[in-house]
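Engineer:
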Amino acid sequence: MGIFSLFGVGRAESDGKKLTLFRLIKSLGRIGIVLAAVMLFTLFGSIAAILG
Numbered sequence: 332m333g334i335f336s337l338f339g340v341g342r343a344e345s346d347g348k349k350l351t352l353f354r355l356i357k358s359l360g361r362i363g364i365v366l367a368a369v370m371l372f373t374l375f376g377s378i379a380a381i382l383g
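In structure tokens form, the structure reads like this:
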């Protein structure tokens, strides 16, 4: 759910809870970007594994 909040940042600005992960990644800087990328690759990898 945290990953989807990243994509829905504009919509979720009124909801502070959805932005916590985004703020955390932003404060971490490069490490946060890497973590987000790893999370995305893990998500897409698991989806591909389920579909494949």
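All residue numbers for the sequence shown refer to this note's numbering, where the first residue is 332 and numbers rise by one.
Built from N, CA and C at the ideal position, the CB exists for glycine as well.
Computed from a predicted model, the values in this text were never measured in an experiment.
For residue 356, which residues in the same chain have their Cβ closer than 8 Å to its Cβ, ignoring the five residues on either side in sequence?
Structural biologist: 337, 363, 364, 366 and 367
Engineer: Within the continuous alpha helix (DSSP H) that includes residue 376, where are the two ends?
Structural biologist: 361-382
Engineer: For residue 352, is the classification buried or exposed, using 16 other Cβ atoms within 10 angstroms of its Cβ as the cut-off for buried?
Structural biologist: buried
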